[in-house]
Amino acid sequence: MVTIDADNRREIARLPSKPIPLEDRYDPPANFLEIETNLPVFHLKECSVRRRYSDFEWLHRELEQDSKIVVPSLSSTCISSS
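In full-length UniProt numbering, the protein residues as written are 1 to 82.
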């Protein structure tokens, strides 16, 4: 996700996920969201946070309620193997 202010060329972007080491493949998933930004309201240029799925559900509901953008649906909480 990238948001750009055309006048000032400010942006915020989700960083790509880091590769998972082979020995960690079957561990419970680590729910990390890594963000990089050059927006002046943020003191840090990069940050990583750990969030529960319910946090994303709450954020999704909030964005849908009062948003002028299309909010993509959340992925499922369960992982299926086929």
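We put the beta carbon where it would ideally sit given N, CA and C, even for glycine. Since the model is a prediction, treat every value here as computed from it, not as a measurement.
Answer yes or no: does any C-beta atom of chain D fall closer than 8 Å to that of residue 62?
Among the chains in the structure shown there is no chain D, since it carries only a single protein chain.
Can you grab the Cα-Cα spacing for the pair residue 42 / residue 76, in whole Å?
30 Å
In its own chain, which residues sit with a C-beta less than 6 Å from the C-beta of residue 4, not counting the 5 before and 5 after it?
Residue confidence for residue 4 is low, a pLDDT of 48 falling below 50, so the modelled location carries little weight; the figure read from the coordinates is stated next. Within the same chain, residue 4 has close Cβ partners 11.
Candidates 21, 67, 55 and 22: closest to residue 74 by CA position:
55
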